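Numbered per this note's numbering, the sequence shown spans residues 16 to 339.
Idealized CB from N, CA, C, for every residue including glycine.
Since we're looking at a predicted model, the values are computed, not measured.
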Amino acid sequence: MKILGTGSYLPPKVVTNDDLARSLDTSDEWIHSHTGIHSRHIAEADDCTSTMAVKAAKKALEAAGAMPDEIGLIIVATSTPDYNTFPATACLVQDALGCKNAGACDLQAACAGFIYALDQGRCWVAAHPDRKVLVIGAETLSRIVDWTDRATCILFGDGAGAVVVGADGDQTPHATVKLGADGSGYEFISRAGGARVIPAPGQVPVPFLILQGRPVFNFAVKTMDAVVRGLCDELGLVPSELDRIFAHQANGRILEAVGRRMGLPMDKFFMNIETTGNTSAASIPVALDEAVRRGELKEGARICLVGFGAGLTYGGILTEWPRV
Ligand code: UT7
Numbered sequence: 016m017k018i019l020g021t022g023s024y025l026p027p028k029v030v031t032n033d034d035l036a037r038s039l040d041t042s043d044e045w046i047h048s049h050t051g052i053h054s055r056h057i058a059e060a061d062d063c064t065s066t067m068a069v070k071a072a073k074k075a076l077e078a079a080g081a082m083p084d085e086i087g088l089i090i091v092a093t094s095t096p097d098y099n100t101f102p103a104t105a106c107l108v109q110d111a112l113g114c115k116n117a118g119a120c121d122l123q124a125a126c127a128g129f130i131y132a133l134d135q136g137r138c139w140v141a142a143h144p145d146r147k148v149l150v151i152g153a154e155t156l157s158r159i160v161d162w163t164d165r166a167t168c169i170l171f172g173d174g175a176g177a178v179v180v181g182a183d184g185d186q187t188p189h190a191t192v193k194l195g196a197d198g199s200g201y202e203f204i205s206r207a208g209g210a211r212v213i214p215a216p217g218q219v220p221v222p223f224l225i226l227q228g229r230p231v232f233n234f235a236v237k238t239m240d241a242v243v244r245g246l247c248d249e250l251g252l253v254p255s256e257l258d259r260i261f262a263h264q265a266n267g268r269i270l271e272a273v274g275r276r277m278g279l280p281m282d283k284f285f286m287n288i289e290t291t292g293n294t295s296a297a298s299i300p301v302a303l304d305e306a307v308r309r310g311e312l313k314e315g316a317r318i319c320l321v322g323f324g325a326g327l328t329y330g331g332i333l334t335e336w337p338r339v
């Protein structure tokens, strides 16, 4: 199985830290030094998760040289679907792209969603090698953050990334994969209007994303280190033998701490968070597409994709580009 093409879309409107500091008690200095973020892209009123997903997917189809009717399944990883909660955003994408032979569903594993979706997609192609799958990570986090909460709104941005996976004469699944979750951390990042289907006594609904930053930071560093090491161990490798790590762009400081724990230089880690912010499920496919289009991903490069998110979920995929 191979990734046959990649695509991404970031909405044109850019909001800088200085822009945020005009209405919030914050500064470019605080945000950049605590997160590595300088600016983020924010969707205008005419864009939403499905429209950004479609724009990224069109580029991925073009790069793959694939026609819409060759797609047998569309999986959209998102925590910000167009509709709350159905129809699936993937159905709107299927309609807009004219993928008339495709099934379509969403997958919700928060910021780790693209890793989960890519694993589902490659396994689906293994079972249906005559068809291709479109795997998309797309988010409009700007619509669910509290723009008066300086501790959360500064982190996030909007965007979409997509890949087309197909057998391309190689039906063997190639990647080494780890998916995991630690549900005991379910309260660290949540939304659902702040209330579960069965509300806890005294629970007050909050329509925004709520985040406990410190425990999530600590979980992220420990878990991404463990996932990358675990995948390397399975293959008898050490992390320094990886050519590039595409880690979820949540916070530049998190990635620096992972690099220190692993004894790896920062140039092993692809970084674009400075200009994207945290785009959740879109962050890894957007990063992959940027690296591909800049010619930084050579055939046979040993790469690891690794992410974590609300749930808490996590996952990693170690492979040789572009095989999965
Ligand atoms: O995709 C997964 C999603 N989530 C994450 O990855 C989040 C992981 N966590 C983080 O990235 C970091 O914990 C944050 C960036 C969210 C926060 O950084 P921190 O270094 O953990 O700061 P803190 O929450 O411990 O807050 C330190 C201080 C507080 O002030 P006091 O109580 O010490 O007076 C905050 O009120 O910084 C204050 N603060 C701010 N100050 C200026 C929090 N946000 C801001 C801000 N500007 N934007």
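Asked, Found
"Any non-hydrogen atom of the ligand UT7 closer than 7 Å to Asn116 Cβ", "no"
"Same chain, Cβ closer than 8 Å to Gly113, neighbours up to 5 away in sequence not counted", "Pro83 and Asp84"
"Selection from Ser255, Met239, Val273 and Leu133 that minimises the alpha carbon distance to Leu303", "Leu133"
"Where the beta strand (DSSP E) through Val179 begins and ends", "Asp173 to Gly181"
"Reference Arg244, options Gly330, Met281, Ala265 and Ala105, closest by Cα", "Gly330"
"Asp240 vs Pro26 beta-carbon contact at 8 Å", "no"
"Alpha carbon of Ala265 to alpha carbon of Thr163, nearest angstrom", "20 Å"
"Beta-carbon spacing of Gly228, Leu327 below 8 Å", "no"
"Anticipated Cβ contact below 8 Å, Leu88 with Gly118, distance rounded", "5 Å"
"Distance cut-off 7 Å: Ile169 Cβ against heavy atoms of the ligand UT7", "yes"
"Nearest neighbour of Thr155, chosen from Ile57, Gly292 and Asp282 [CA to CA]", "Ile57"
"Buried versus exposed call for Leu250 [16 or more other C-beta atoms within 10 Å across all chains shown]", "exposed"
"The ligand UT7 heavy atom lying under 7 Å from the CB of Phe232", "yes"
"Per DSSP, cross-strand counterpart(s) of Lys17", "Gly181 and Arg338"
"Cut-off 8 Å between Cβ atoms - residues of its own chain near Phe203, not counting five sequence neighbours on either side", "Leu226, Gln227, Pro230, Val231, Phe234, Ala325 and Leu327"
"Three or more C-beta pairs below 8 Å linking the region 134 to 144 and the region 252 to 264", "no"
"Status (buried if at least 16 other CB within 10 Å, exposed otherwise) for Gln109", "buried"
"Distance, Gln186 Cα to Ile288 Cα", "35 Å"
"Those runs of the alpha helix (DSSP H) which lie wholly inside the region 23 to 61 and span at least 4 residues", "32 to 36 and 43 to 50"
"Contact check, Val140 vs Leu19, beta carbons under 8 Å", "no"
"Cβ-Cβ separation, Ala111 to Val150 (assumed contact under 8 Å), whole Å", "With 8 Å as the limit, Val150 and Ala111 do not qualify as a contact, their Cβ atoms being about 17 Å apart."
"Check: Ser295 C-beta below 7 Å from any heavy atom of the ligand UT7", "yes"
"Contiguous alpha helix (DSSP H) assignments of at least 4 residues, all confined to the region 95 to 171", "104 to 112 and 128 to 142"
"Environment of Phe129 [buried if 16+ CB atoms lie within 10 Å]", "buried"
"Option nearest Asp61 by Cα separation, candidates Lys28, Trp45, Asp40 and Phe285", "Lys28"
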